[in-house]
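Trainee: Its first residue numbered 31, the sequence shown is counted upward by one per residue in this note's numbering. Glycine residues also receive a C-beta, built at the ideal position from the N, C-alpha and C atoms. Encoded as structure tokens, here's the structure I'll be asking about.
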Amino acid sequence: SIIIQLLSLSSIWALLSAANIYYFLYLDEGYFAADSAEQPLLHLWSLGVEEQFYLIWPFYVFILCRTLIRPSTRMWVTMGVVVSSLVLAQMLITPYHSFAYYMLPTRSWELAAGGVLVFSGLQNAKPPKWLGELLALVGLVSILFSLVYVTESHDVPGFAAVPVVLGTTLLIYAGLHQQTFINRIVSTKALVLVGLVSYSAYLWHWPIIAFLKYSSLEITTTIGISVILATFFFAILSYQMVERPLRYFKASN
């Protein structure tokens, strides 16, 4: 059937680290028209962006370090990359929404923000404890603000995505050298478990939702809770049986 054909095609693009390009080119267009909520592998677009970024980033860092000696210059150049990508995203989000949403040039600023932190040298400078706690609090508030404020009506990944990216960067910096209250919270056993299976949960959650859409079941509170439980069930299972063995395979040999 056409559903199997589309699933097979999107799987191939995903294996090539290009799921984002596939959905940019084909989602909601002509022969490939389909409700995005019914695309089982749609969530892999973000992994495509990440994998493309991680393929390019080492070459960027190598060239930067070979041509620019001063770390501060590297920071400002990287800051320029971040700002340029952000501005491009904001400019294209309305006239070319699919490109702005799915493609690396308009998403790279979200990942390169960490590079600004590295090249700034701040990761080697331990802030006073009070400042670390304050930065952690500001970072958490920024993320929670985005969670509440940013809705489908906002243009993402434009300026509306700045608070969550900035908040994440602040949390990373604040927790590099000291145990802030945020570190202590996320270090609890329950949240550590969630963190361990989070990647697997991400891989499972959308296919479950998509196939649920195919079943035409009404999404009730009970169904929603069942989806969450099923997601974590399969996530824990795949973490224990696939992810963890692969991660420690080399170490055990």
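Give me the residue from 47, 141 and 52 with the minimum Cα distance to residue 36.
Mentor: For the purposes of this step, residue 36 is taken as residue 6 along the sequence shown, with counting starting at 1. Among 47, 141 and 52, the Cα nearest to that of residue 36 is on 52.
Trainee: Assign residue 272 to buried or exposed, taking buried as 16 or more other Cβ atoms, counted over all protein chains shown, within 10 Å of its Cβ.
Mentor: By one-based count along the sequence shown, residue 272 stands at place 242. Label assigned to residue 272: exposed.
Trainee: Roughly how far, in whole angstroms, is the beta-carbon of residue 70 from the beta-carbon of residue 241, given that I think they are within contact range, below 8 Å?
Mentor: Residue numbering aside, residue 70 sits at position 40 when the sequence shown is read from its first letter. Residue numbering aside, residue 241 sits at position 211 when the sequence shown is read from its first letter. About 6 Å; that satisfies the 8 Å criterion.
Trainee: Distance check for residue 239 and residue 200, CA to CA, integer angstroms please.
Mentor: To locate residue 200, count along the sequence shown from 1; it is residue 170. To locate residue 239, count along the sequence shown from 1; it is residue 209. About 33 Å.
Trainee: Can you tell me whether residue 131 is helix, strand or coil according to DSSP?
Mentor: Within the sequence shown, residue 131 is the residue found at index 101, counting from 1. Helix, per DSSP.
Trainee: Taking DSSP as the reference, what is the three-state secondary structure of residue 73?
Mentor: Position 43 of the sequence shown holds residue 73. Helix at residue 73.
Trainee: Count the other C-beta atoms from every protein chain shown that fall within 10 angstroms of the C-beta of residue 171, then say buried if there are 16 or more, exposed otherwise.
Mentor: For this step, residue 171 is matched to residue 141 along the sequence shown. Residue 171 should be labelled exposed.
Trainee: Quick one: measure Cβ to Cβ for residue 230 and residue 278, integer angstroms, because I've assumed they're closer than 8 Å.
Mentor: Start at 1 with the first residue of the sequence shown, and residue 230 comes out as number 200. Start at 1 with the first residue of the sequence shown, and residue 278 comes out as number 248. Going by Cβ atoms, the distance from residue 230 to residue 278 rounds to 15 Å, so no, they are not a contact pair.
Trainee: Apply the 10 Å Cβ neighbour rule to residue 59 and answer buried if 16 or more other Cβ atoms are within range, or exposed otherwise.
Mentor: For the purposes of this step, residue 59 is identified with residue 29 of the sequence shown, where counting begins at 1. With a pLDDT of 48 at residue 59, under the threshold of 50, the predicted position of this residue should be treated as unreliable, though the coordinate-derived value follows. That one is exposed.
Trainee: How would you label residue 13, buried or exposed, when you count the other beta carbons within 10 angstroms and need 16 or more for buried?
Mentor: Nothing can be reported for residue 13, as the shown portion of the chain is limited to 31 through 283.
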